[in-house]
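Trainee:
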Amino acid sequence: MILLANKKFNFFLICIFFPILFWGQVKNIGLPEIRNYKRSDYKGGTQNWNIDQDENDNVYFANNDGLFQFDGSVWSKYTLPNKSVVRSIKTDKSGKIYVGGYNEFGYFKPNTNGQLVYFSLSKYLNKKNISTIDIIWKIHIYNNEVIFQSFENAFILKNNRITIMRPPSRFQFSFISGKRLFFQDISNGILEYKNGTLHPLQNTTALNKTEVWGIFNLSATQLLISTLDKGLFLYENQQLKPWNTEANVFITKNSGLGGTTIKNNYIALNSVLNGVIICDKFGKIIQHINRKKGLENNTILTSYIDNKNNLWLGLDNGIAFVNENSPFTFFGFSYNLSTVYATAVYKGNLYVATNQGVFYHSWSVPFKEDNFELIEGTTGQAWNIQVIDDQLFCSHNRGALLISGNKIIKTLDNVGYWSFKKIPNNPNYVIGSNYKGFSLLEKTNNNWQFVKHIDGFFKSVGEFEIDNSNIWVKKDELIYQMNLNDDFKKFRFIKTYKELSKLDKGITSIQKLQNTIYFQNNNHFYTFSKDTQTFEKEEKFTKIFKKIPLTNTIHEDKYGNIWYVIKESLGVLLKTANGGYKNTIAPFLNLTQDLVYNNLSINTIDQKNIFIGLTDGLVHYDSKLSTDFNNNPKVFIRNFTSPFGNLVLGNGKNNLPKIKIPYSSNFVKFRFSTPTYENIENIKYSYKLDGYDNSWSNWSASTVKEYTNLREGDYKMRVKVKNSFGIISQESSIEFTISPPWYRHFVAYIFYLIFIAASIRIIRDRIKIKIRKNKYYEKIEQRRLYLEKEARIRKEQYKLEKEIEKLKNDKLQIKIQAKDKELVTNSLQVVKKNKILNGIIHKLKEINTTTLDEETKFQFTKLNKSILKEVNADKSWKDLEKHIKNVHFEFLKRLKEKHPSISPRELDLSTYLLMNMSTKEIAEIMNISGGGVELARYRLRKKLELNKKENLIGYLMSI
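Start counting at 1 in the sequence shown, then tack on 436, and there's your number in the working numbering.
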């Protein structure tokens, strides 16, 4: 048995490592990726009647609002001149897109700028022979002819001439099947077109009462005919009979709208009421996709297989892309599944542990379309589902459950559980990790029983590994080594480790590989030595994981393949026949960020059935449906836009003109696209503008790049794309030149040189003239400077004389003032003397002279007369008064002008105060008392209108 299993496994590996591209194979389990495009996405009408693809992989749709082009990122709309619906399209290798609408047919072709321009063919028809064209329902390119088919006529374009082929009665539709072209006539059945004429197929008039919507080759002698309301018919040996199959039952029930073949292996059949089915050539339904499974609409008007064997559906309202060319299919909300934590196949059922409970589905070939059903009593979080000793164990939030069929047969424990593992060399014992630590389960009489919670450790534990006597757990950044005693009911000791070695601090994961427990950190693997009680580095797996980015989860399946998670991406090391490993990561990049964090669920049933748990359901992987993931994607610079114009690339075969942009329009914009329609959200672009950028940009989903204020020069825009499998395309590029501004143009530089040369000559001549003028002006300037100097000397001499004169005047004034002061002093002395003399006179008058003798009396009288004469003869006071008025004439004049009401007496007082005379001196001169002086001062202040704070003398001095 072991030898047989190894042979099967080797065959499995051969299928993986030496893939033959089985194009056109369709999976019968799960749903492929479905991407819907609503009217709001492509901004068009409802119905889409026809689909085709050009040489650059752009996809075209015949829509009620016109022709729509999709390049992978942007939808473009093109309308017919009469704005009619477009019912049919067909592309050819030259880049033309033939279209047919109501009373109009022709083709779109890129102009020199790459923009699609319409050329009408119907306008060349002779209107006298053709009253109306009607709707062009079908377009065929057949034997160098382009055939436009309406109900009334078929218009055949050949060698630039249009001929008309009329139906025997009235055409319905037409079809190419293999290398044959067929028409349906409403009265003559199916007609085959050969060499310009129509030949009826015998015994097909039974189809006159229905509409034929599709004809397909089943073999060299068999035709499959799809009708609107009569089902499917097989035409063989000139006999027509119903095709009694599952597919016929479906089409008869839901009305057929034709379909398409998938590389001659399968047939996609459209329906009015229930989506699309894909069947094999025996009529067995392989896949059914409808609104319930993810389509926007159940009416499929047309279907098309693109050059990557993916299916496009034109709906009555919208467009759908179905990724048939993929080894992955999905079970999601349409199958009642949510986040998946584990799967197991047990006794004819597939069981799935989810966050909502445990669900099951019959496991049979072919896989039935039924939904997954919830096992009663399992509602809630289910962490794991495992088959141990032909018994299905469920680790549930509600406890440890045993399940069989569609029900719980036993609850072993009511504590929440994470997982179960058998004790090596002890087949009747199982250790379960739970919210309170670990429990021991025992099988007695073929029945599993709960024994007890293992003593010594009471923390919640998820995943763990077990050897003969130790349970190993990674928790709280520590490694726990828990040694079981002989009866497994308690731990002898528990040790913790913080690091695996001095070089590897910490611990990332614990896993069992090839029946050995390995401890991993930074992709370095260690085993535990019982002898040294230390971790020892293991070189085999360390070397295998050396070139792999740092992993966080590692899992080995039953075939020895090692699955790992890098951040949120999945990869696998597939085991080869020689015991080595081959790293495979590309197919799983589409699952990035969909894996359940820290709960990797991989269930490898066989090479055709591998289940992977996701956050939004379950994915089925068939490794035998190999796809060439290493095919380089295409990338196009779809639009090159500047204020000078718009250039469209990727429409037909572009012969790029030499692009030259004026400097005034040095703003450029690029739009990128890739005709990669699967997993669009994971497509990334990188670009570099040679002549501007120093390096390639970071990978980004952005499809537009703008550059502003580019300098003149030659540029080359380079773009590459990375698809969802991490495969990078070849570069796409476009070269262009920014012309310099007029002032930096070559002609401008020549003009600059001429201008500079002329300027130098003119400047040189002007310099010579300037030198001569300068010499002349220099002489005049020297003369002027001499005269100015002489005038300045004279002026300075005059100033000096004036200063000398002023000094003399000042000196004289000082002398005069000194003399004035001296005169005042002398005058005051005279006044004092006269006062004394007057006093003496008064005294003399008081003397009684009667008693004096005559001589004495004579002498007394003589003395009195002499004193009186001296007093009366003294005029010094009047002279003083006159002198003071002369000296202070200007002051008195200004004071009088400023205060016209001032009296002469007050003028005298002001003069005395200005001369800084004391109150006593003023009193003596004015012959008044000291109090009289103060009263006069008060009156003077009042006359001058001074306030109390203002100084009288200071005010007088300021005048």
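Idealized CB from N, CA, C, for every residue including glycine.
Kindly indicate which residue of Leu705, Trp679, Thr696, Ser739 has the alpha-carbon position closest to the one of Phe718.
Mentor: Looking at Leu705, Trp679, Thr696, Ser739, the one whose alpha-carbon comes closest to that of Phe718 is Trp679.
Trainee: If distances are taken between C-alpha atoms only, which option among Gln827, Lys911, Asn850 comes closest to Ile839?
Mentor: For the residues Gln827, Lys911, Asn850, the minimum Cα distance to Ile839 belongs to Gln827.
Trainee: For Ser774, which option in Arg1219, Pro763, Lys911, Glu809 has the closest C-alpha, if you only look at C-alpha atoms?
Mentor: Glu809
Trainee: My assumption, with CB atoms under 8 Å, is that Pro1023 sits in contact with Asn494. Please give the rounded CB distance.
Mentor: About 26 Å; that fails the 8 Å criterion.
Trainee: Can you check which of these residues, Asp1042, Ile1198, Ile661, Asp1030, is closest to Gly996 by C-alpha distance?
Mentor: If we check each option's Cα against that of Gly996, Asp1042 comes out closest.
Trainee: Going by DSSP, name the residue or residues bridged to Gly536.
Mentor: Ser524, Phe541
Trainee: Could you tell me if Ser831 is buried or exposed, where buried requires 16 or more neighbouring beta carbons within 10 angstroms of its beta carbon?
Mentor: With a 10 Å radius around the Cβ and a threshold of 16 neighbouring Cβ atoms, Ser831 comes out buried.
Trainee: Quick check on Asn1284: buried or exposed, where buried means 16 or more other Cβ atoms within 10 Å of its Cβ?
Mentor: exposed
Trainee: Could you check if Arg1220 is buried or exposed, using at least 16 other CB atoms within 10 Å of its CB as the buried criterion?
Mentor: exposed
Trainee: Curious, which full-length alpha helix (DSSP H) runs of at least 4 residues does the region 662-700 contain?
Mentor: You should have 682-690.
Trainee: Ser1037 by DSSP, collapsed to three states: which one?
Mentor: coil
Trainee: Evaluate Pro863 with the Cβ neighbour count: other Cβ atoms within 10 Å of its Cβ, from every protein chain shown; 16 or more gives buried, anything less gives exposed.
Mentor: It counts as exposed.
Trainee: How big is the Cα-Cα spacing for Ile1395 and Lys1379?
Mentor: 15 Å
Trainee: Can you find a CB in chain D that lies within less than 8 Å of the CB of Trp884?
Mentor: Among the chains of the structure shown, chain D does not appear; only one protein chain is present.
Trainee: For a quick check, are the C-beta atoms of Ile465 and His960 less than 8 Å apart?
Mentor: By the CB criterion at 8 Å, Ile465 and His960 fall outside the cutoff.
Trainee: Please classify Pro763: is it buried, with 16 or more other beta-carbons within 10 angstroms of its beta-carbon, or exposed?
Mentor: Answer is buried; the Cβ neighbour count reaches 16.
Trainee: Extract the residue ranges of the beta strand (DSSP E) inside the region 960-1028, only unbroken runs of 3 or more that lie entirely within it.
Mentor: 960-965, 970-974, 989-992, 998-1002, 1005-1011, 1017-1020
Trainee: Closer than 8 Å by C-beta to Asn1115: which residues in its own chain qualify, once you throw out the five before and the five after it? Chain order, please.
Mentor: Glu469, Asn759, Asn1026, Asn1159, Ser1160
Trainee: As a quick exercise: from Leu749, Thr1173, Tyr1143, pick the residue whose alpha carbon is nearest that of Asn733.
Mentor: Nearest of Leu749, Thr1173, Tyr1143 to Asn733, Cα basis: Leu749.
Trainee: In whole angstroms, what is the alpha-carbon distance linking Ser567 and Lys1152?
Mentor: 54 Å
Trainee: If you run the structure through DSSP and keep just helix, strand and coil, what is Asn951?
Mentor: Coil, per DSSP.
Trainee: For the beta strand (DSSP E) containing Ser1346, list its first residue and its last residue.
Mentor: Not the beta strand (DSSP E): Ser1346 falls in the alpha helix (DSSP H), residues 1340-1350.
Trainee: What are the partner residues of His797, as DSSP defines its beta bridges?
Mentor: Leu786
Trainee: List the endpoints of the continuous alpha helix (DSSP H) containing Phe927.
Mentor: Per DSSP, Phe927 belongs to no alpha helix (DSSP H); it is in the beta strand (DSSP E), 927-933.
Trainee: Which residue marks the beginning of the beta strand (DSSP E) containing Phe769, and which one marks its end?
Mentor: Per DSSP, Phe769 belongs to no beta strand (DSSP E) and is neither H nor E.
Trainee: Taking the CB atoms as reference points, tell me whether Ile1097 and Ile1174 lie closer together than 8 Å.
Mentor: yes
Trainee: Are the beta-carbon atoms belonging to Asn1396 and Ile1163 less than 8 Å from one another?
Mentor: Outside the modelled stretch of the chain, which goes from 437 to 1395, sits residue 1396, for which no answer is possible.
Trainee: How would you call Tyr478, buried or exposed, if buried means at least 16 neighbouring beta carbons within 10 angstroms?
Mentor: buried
Trainee: Hey, out of Gly692, Asn565, Ser610, whose CA is closest to Ile583's CA?
Mentor: Nearest to Ile583 by alpha-carbon distance, out of Gly692, Asn565, Ser610, is Ser610.
Trainee: What separation, rounded to the nearest whole angstrom, lies between the Cα atoms of Arg597 and Ser558?
Mentor: 11 Å
Trainee: What does the alpha-carbon distance come out to for the pair Lys1301 and Glu1282?
Mentor: 15 Å
Trainee: Tell me which residues share the same chain as Asn1019 and place their Cβ nearer than 6 Å to its Cβ, disregarding the 5 neighbours each side in the sequence.
Mentor: Leu1009
Trainee: Return the first residue and the last residue of the beta strand (DSSP E) that Val1448 is part of.
Mentor: Residue 1448 lies beyond the stretch modelled for the chain, which goes from 437 to 1395, so this question has no answer here.
Trainee: Between which two residues does the beta strand (DSSP E) harbouring Glu628 extend?
Mentor: For Glu628, the uninterrupted beta strand (DSSP E) segment begins and ends at 625-630.
Trainee: Per DSSP, Lys911 forms a beta bridge with which residues?
Mentor: DSSP, once it has assigned bridges, lists Leu914 as partnering Lys911.
Trainee: Which residue's Cα is closest to the Cα of Asn1274: Lys699, Glu1306, Thr1287?
Mentor: Glu1306
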